[in-house]
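Novice:
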Amino acid sequence: MGYAEVYGAWQNDPEGFWMDQAKSIDWVTPPTKALDDSKAPLYRWFADAEVNTCYNAVDRHVENGRGEQLAIIYDSPVTHTKHTITYAELQTRVASLAGALRAKGIEKGDRVIIYMPMIPEALEAMLACARLGAIHSVVFGGFAANELAVRIDDATPKAIIAGSCGIEPGRVVHYKPLLDGAIELAKHKPDFCVIFQREQEVAALIEGRDYDWHGFQAGVELAECVPVKGDHPAYILYTSGTTGAPKGVVRPTAGHLVALNWTMKAIYDVDPGDVFWAASDVGWVVGHSYICYAPLIHGNTTVVFEGKPVGTPDAGTFWRVIEEYNVKSFFTAPTAFRAIKREDPKGEMIKNYDISGLRALYLAGERADPDTIEWAQRIMGVPVYDHWWQTETGYTIAGNPAGIEALPVKIGSPTVAMPGYDVQILDEAGHQMKPGELGAIAVKLPLPPGTLPTLWNAEDRFVKSYLTTFPGYYETGDAGMIDEDGYLYIMARTDDVINVAGHRLSTGAMEEVLAGHPDVGECAVIGVTDELKGQLPMGFVCLNKGCETTPEQIAKDCIKRVRDTIGPVAAFKLVAVVDRLPKTRSGKILRATMVKIADGQDFKMPATIDDPAILDEIKEALKPLGYAQC
Numbered sequence: 001m002g003y004a005e006v007y008g009a010w011q012n013d014p015e016g017f018w019m020d021q022a023k024s025i026d027w028v029t030p031p032t033k034a035l036d037d038s039k040a041p042l043y044r045w046f047a048d049a050e051v052n053t054c055y056n057a058v059d060r061h062v063e064n065g066r067g068e069q070l071a072i073i074y075d076s077p078v079t080h081t082k083h084t085i086t087y088a089e090l091q092t093r094v095a096s097l098a099g100a101l102r103a104k105g106i107e108k109g110d111r112v113i114i115y116m117p118m119i120p121e122a123l124e125a126m127l128a129c130a131r132l133g134a135i136h137s138v139v140f141g142g143f144a145a146n147e148l149a150v151r152i153d154d155a156t157p158k159a160i161i162a163g164s165c166g167i168e169p170g171r172v173v174h175y176k177p178l179l180d181g182a183i184e185l186a187k188h189k190p191d192f193c194v195i196f197q198r199e200q201e202v203a204a205l206i207e208g209r210d211y212d213w214h215g216f217q218a219g220v221e222l223a224e225c226v227p228v229k230g231d232h233p234a235y236i237l238y239t240s241g242t243t244g245a246p247k248g249v250v251r252p253t254a255g256h257l258v259a260l261n262w263t264m265k266a267i268y269d270v271d272p273g274d275v276f277w278a279a280s281d282v283g284w285v286v287g288h289s290y291i292c293y294a295p296l297i298h299g300n301t302t303v304v305f306e307g308k309p310v311g312t313p314d315a316g317t318f319w320r321v322i323e324e325y326n327v328k329s330f331f332t333a334p335t336a337f338r339a340i341k342r343e344d345p346k347g348e349m350i351k352n353y354d355i356s357g358l359r360a361l362y363l364a365g366e367r368a369d370p371d372t373i374e375w376a377q378r379i380m381g382v383p384v385y386d387h388w389w390q391t392e393t394g395y396t397i398a399g400n401p402a403g404i405e406a407l408p409v410k411i412g413s414p415t416v417a418m419p420g421y422d423v424q425i426l427d428e429a430g431h432q433m434k435p436g437e438l439g440a441i442a443v444k445l446p447l448p449p450g451t452l453p454t455l456w457n458a459e460d461r462f463v464k465s466y467l468t469t470f471p472g473y474y475e476t477g478d479a480g481m482i483d484e485d486g487y488l489y490i491m492a493r494t495d496d497v498i499n500v501a502g503h504r505l506s507t508g509a510m511e512e513v514l515a516g517h518p519d520v521g522e523c524a525v526i527g528v529t530d531e532l533k534g535q536l537p538m539g540f541v542c543l544n545k546g547c548e549t550t551p552e553q554i555a556k557d558c559i560k561r562v563r564d565t566i567g568p569v570a571a572f573k574l575v576a577v578v579d580r581l582p583k584t585r586s587g588k589i590l591r592a593t594m595v596k597i598a599d600g601q602d603f604k605m606p607a608t609i610d611d612p613a614i615l616d617e618i619k620e621a622l623k624p625l626g627y628a629q630c
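Under full-length UniProt numbering, the first residue of the sequence shown carries the number 1, and numbering increases by one thereafter.
#1: When the Cα atoms are used, what is the spatial distance from L615 to G534?
#2: Given a threshold of 16 other Cβ atoms within 10 Å of its Cβ, counted over all protein chains shown, does I206 qualify as buried or as exposed?
#3: Considering only the alpha carbon of each residue, which of I135, Q197, Y395, G230 lies closest to A259?
#4: Between V541 and I554, which are expected to be in contact by the criterion C-beta below 8 Å, what is the C-beta distance as a whole number of angstroms?
#5: Within the chosen definition, does the stretch 140 to 157 reach the stretch 178 to 186 through at least 3 CB pairs nearer than 8 Å?
#6: Less than 8 Å between the C-beta atoms of V282 and A71, yes or no?
#7: Let me know the secondary structure DSSP gives P252 once reduced to three states.
#8: Which of the three DSSP states, helix, strand or coil, is assigned to L42?
#9: Give me, in chain order, the residues of the same chain whose beta-carbon lies closer than 6 Å to that of G357; leave out the 5 immediate sequence neighbours on both sides.
#10: Between which two residues does the alpha helix (DSSP H) harbouring C129 extend?
#11: Which same chain residues end up closer than 6 Å to G2 when comparing Cβ atoms and leaving out the 5 residues on each side of it in sequence?
#12: Which class does Q553 belong to by DSSP, given the choice of helix, strand or coil?
#13: With distances taken Cα to Cα, identify the nearest neighbour of V77 among G170, D154, P453.
#14: Does the beta-carbon of residue 636 have 16 or more other beta-carbons within 10 angstroms, so that it is buried, or is it exposed?
#15: Determine the closest residue to Q69 out of I267, A128, P120, T302, with distance taken between C-alpha atoms.
#16: For the putative contact between T565 and V513, defined by C-beta atoms under 8 Å, what is the C-beta separation to the nearest angstrom?
#17: Could I get the ranges of all uninterrupted beta strand (DSSP E) runs contained in the UniProt domain "AMP-binding enzyme C-terminal" (510 to 588), with 3 residues as the minimum, in chain order?
#18: Looking only at C-alpha atoms, which of I441, E221, D610, G403 sits nearest to F140?
#19: Measure the Cβ-Cβ separation of E124 and V94 and say whether it is below 8 Å.
#20: What residue range does the beta strand (DSSP E) around I597 cover?
#21: By the DSSP assignment, the alpha helix (DSSP H) with R66 in it spans what residues?
#22: Around the C-beta of P414, are 16 or more other C-beta atoms found within 10 angstroms, so that it is buried, or is it exposed?
#23: Let's test the definition: count the other Cβ atoms within 10 Å of the Cβ of D269 and tell me whether it reaches 16, buried, or not, exposed.
#24: Between the alpha carbons of F196 and S164, how many angstroms are there, rounded?
#25: Whole alpha helix (DSSP H) runs in the stretch 309 to 365 with 4 or more residues, listed along the chain?
#26: Once you ignore the five residues that flank W388 on each side, which residues in its own chain have a CB closer than 6 Å to its CB?
#27: Is any beta-carbon of chain C found at less than 8 Å from that of R580?
#28: Could you please give the first and the last residue of the uninterrupted alpha helix (DSSP H) stretch that includes Y3?
#29: Tell me K108's beta-bridge partners as DSSP assigns them.
#30: For Q217, report the span of its alpha helix (DSSP H) as first-last.
#31: Tell me which residues share the same chain as A279 and place their Cβ nearer than 6 Å to its Cβ, disregarding the 5 neighbours each side in the sequence.
#32: Which partner residues does residue 677 have in the DSSP bridge list?
#33: Whose C-beta lies closer than 7 Å to the C-beta of D212 among residues of the same chain, with five residues either side of it excluded?
#34: If we ignore side chains and look at the alpha-carbon of each, how far apart do C193 and Y115 end up?
#35: Does the distance from the C-beta atom of L505 to that of A417 stay below 8 Å?
#36: Secondary structure at T393, three-state DSSP: helix, strand or coil?
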């Protein structure tokens with residue numbers, strides 16, 4: 001069957017479709033029905049089943065004779081370390097850690113916070129929690145003490161598992177002092193902490209509370225897998241940029257297993273045994289779904305990479321990893337490719353590597369501008385698929401189902417809605433809009449298996465945040481359109497659709513125009529306050545390495561490009577050339593913070609910001625334009 005037939009099969013019988021996919025999971029008690037809608041709009045999937053995530057991700061592969069297959073490849077250019085772990089080795093390692101946690105009182109339903117760098121032990125900690133039915137919450141390693149404390153108070157963990165440090169190019173990030181500070185700040189205190197000591201920094205342990213990772217596991221009995229109900233929370237993941245009360249996305253166990261397993265072939269087109277690489281971090285949803293869980297559930301080999309797209313050691317590091325491990329399917333954020341393109345605009349470094357084993361590149365996490373996609377297609381010689389999803393959904397809302405049928409790529413579109421998602425474009429009153437019209441992107445309820453059923457300890461906030469604006473729909477918070485062929489276009493966050501003298505304009509469309517300039521490596525457009533027109537667009541551009549054109553000329557060229565392409569209606573006349581853009585550690589540009597700086601408003605330092613010093617650079621760049629005066 002092609003895409004249309006598969007999507008049609010889901011539309012005609014949603015429950016039958018997902019019950020059929022559930023056959024690929026090993027159940028303790030199989031589900032008798034797919035959907036429980038008794039508490040709509042709070043839906044549950046496979047609620048009457050019993051299952052264990054760790055068993056499906058590890059043990060069943062060993063029992064099925066594939067214990068010697070590699071489960072994890074660890075490649076850390078920042079520490080000059082490489083090693084591999086088979087499924088059989090992973091089973092022993094995870095069962096040992098789970099046994100030690102159990103001996104210290106961790107049981108089904110207890111919460112455990114994981115605060116670790118990109119090392120295999122981070123995945124082992126996640127899987128050990130899943131083995132016991134404990135609910136993990138991974139917090140990005142290096143998060144500030146105050147932000148970690150907020151998450152400790154919300155999740156109330158019985159234990160915290162942490163690394164002693166993280167390694168960034170040229171510096172060591174001291175995790176243990178941040179952890180100690182967070183516990184001191186938090187009202188809730190964990191019973192104990194387990195610290196994985198890295199050789200780059202051995203942290204001081206607090207007697208009676210802290211345990212060394214290896215000593216903690218000495219002499220313990222290996223733990224078996226504990227069955228949990230289908231709707232039991234597998235984990236809590238706090239969305240990036242959380243301010244005030246934290247927003248803990250809950251991931252339900254059974255739907256998570258069924259949906260992620262389905263995506264590996266249908267979307268990423270890999271078979272069990274193939275090497276799959278998601279260049280992200282376990283602190284983000286991509287790390288949960290596609291570094292840890294989905295590849296292992298499906299029986300793939302997953303790459304755990306501790307490094308950067310440039311600088312560890314150079315802009316060829318991605319090509320080296322793809323060649324060295326024969327990566328079949330590669331997934332990363334567009335910002336990573338923009339960094340590579342900016343450093344190596346002509347793609348010279350890829351000529352030193354053989355990436356012929358790679359089938360496709362997948363981009364997600366932010367809008368993939370056409371210029372970046374075209375550059376990647378040109379230098380890599382493989383299909384480049386943009387796809388769109390969110391922390392809340394855990395996997396693809398719209399993508400190109402290459403394992404079912406590789407649909408024609410329309411650059412600028414993540415292609416079409418996946419089975420489970422009825423995606424619609426709505427106006428402010430909730431009415432469906434015509435093809436090509438810009439509006440709010442919403443998904444008709446119920447959402448499919450594996451998506452968030454609620455927020456942790458915040459059901460009312462879940463309903464208010466996602467289900468109230470458009471009754472009967474999930475509000476994505478993104479704006480876009482659907483064309484005559486059913487292709488979806490994500491133009492901006494709803495907040496990034498600006499109103500210029502009564503005209504609703506997409507900042508994303510302007511970014512596409514700027515990114516097409518041959519000297520522009522990266523860009524962002526925000527809406528700033530204007531007394532006459534309400535809002536005006538303002539562009540920020542970073543130049544490619546080796547650019548010889550003056551910043552003044554680049555600004556003039558960019559203004560002309562937008563006016564020629566989008567028209568005078570855009571009133572585009574403000575451009576700042578900057579060295580870098582403020583981003584989260586996952587690579588998302590902090591546009592809302594930039595707007596506040598430009599408008600002279602007070603703002604809270606984003607918890608997820610990669611380097612706070614960039615904000616001062618943005619302020620300086622704005623002053624010649626007459627902004628950021630407050």
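For each residue, glycine too, the CB sits at the ideal point set by N, CA and C. All values reported here derive from a predicted model rather than from experimental measurement.
Specialist: Taking the geometry as given:
#1: Distance between the alpha carbons of L615 and G534 is about 24 Å.
#2: With fewer than 16 Cβ atoms within 10 Å of its Cβ, I206 is classed as exposed.
#3: Of I135, Q197, Y395, G230, the residue nearest in Cα terms is Y395.
#4: Right, the Cβ-Cβ distance comes to about 6 Å (below 8 Å), so this counts as a contact.
#5: With a cut-off of 8 Å, the stretch 178 to 186 and the stretch 140 to 157 count as touching, because enough Cβ pairs lie within range.
#6: No, Cβ-Cβ distance for V282 and A71 is not below 8 Å.
#7: Strand.
#8: Reduced to three states, the DSSP call for L42 is coil.
#9: Apart from the 5 residues on each side of it in sequence, G357 sits with its Cβ closer than 6 Å to the Cβ of N326 in its chain, given in chain order.
#10: The continuous alpha helix (DSSP H) containing C129 extends over residues 120 to 132.
#11: Excluding its 5 nearest sequence neighbours in each direction, G2 has C-beta neighbours in its own chain below 6 Å: E405, listed in chain order.
#12: Note: Q553 maps to helix in three-state DSSP.
#13: Note that residue 77 is Pro in the sequence shown here, rather than Val. Taking each of G170, D154, P453 in turn and checking the Cα distance to P77, the smallest one comes out for G170.
#14: With the chain covering 1 to 630 only, the question about residue 636 has no answer from this structure.
#15: By alpha-carbon distance to Q69, the top candidate from I267, A128, P120, T302 is T302.
#16: The Cβ separation is near 5 Å, so the contact holds.
#17: Those beta strand (DSSP E) runs which fall completely within the UniProt domain "AMP-binding enzyme C-terminal" (510 to 588) and span 3+ residues are 520 to 530, 534 to 543, 574 to 577.
#18: Distance from the Cα of F140 is smallest, within the candidate group I441, E221, D610, G403, for D610.
#19: Cβ atoms of E124 and V94: closer than 8 Å.
#20: Where I597 is concerned, there is no enclosing beta strand (DSSP E), although the alpha helix (DSSP H) it sits in stretches over 591 to 598.
#21: Unbroken run through R66: none, as it is neither H nor E.
#22: A residue is called buried once 16 or more other Cβ atoms fall within 10 Å of its Cβ, and P414 is buried on that count.
#23: Counting Cβ neighbours within 10 Å, D269 comes out buried, since at least 16 surround it.
#24: Those two C-alpha atoms are separated by around 6 Å.
#25: DSSP runs (the alpha helix (DSSP H)) wholly in the stretch 309 to 365: 317 to 325, 334 to 343.
#26: Apart from sequence neighbours up to five positions away, the residues of its chain that approach W388 with a beta-carbon distance below 6 Å are I397, A398, P414, I490, ordered along the chain.
#27: You won't find chain C in this structure, because it holds only one protein chain.
#28: First-last of the alpha helix (DSSP H) with Y3: 3 to 12.
#29: In the DSSP output, where bridge partners are listed per residue, K108 has none listed.
#30: Start and end: 213 to 217.
#31: So the qualifying residues of the chain are F305, T332.
#32: No answer is possible for residue 677: it lies beyond the span of the chain, which begins at 1 and ends at 630.
#33: Residues of the same chain with a CB within less than 7 Å of the CB of D212, apart from the 5 flanking positions on each side, are I195, Q197, L205 in chain order.
#34: Cα-Cα distance, rounded: 11 Å.
#35: Result no, Cβ atoms of L505 and A417 do not sit closer than 8 Å.
#36: Here T393 sits in coil by DSSP.
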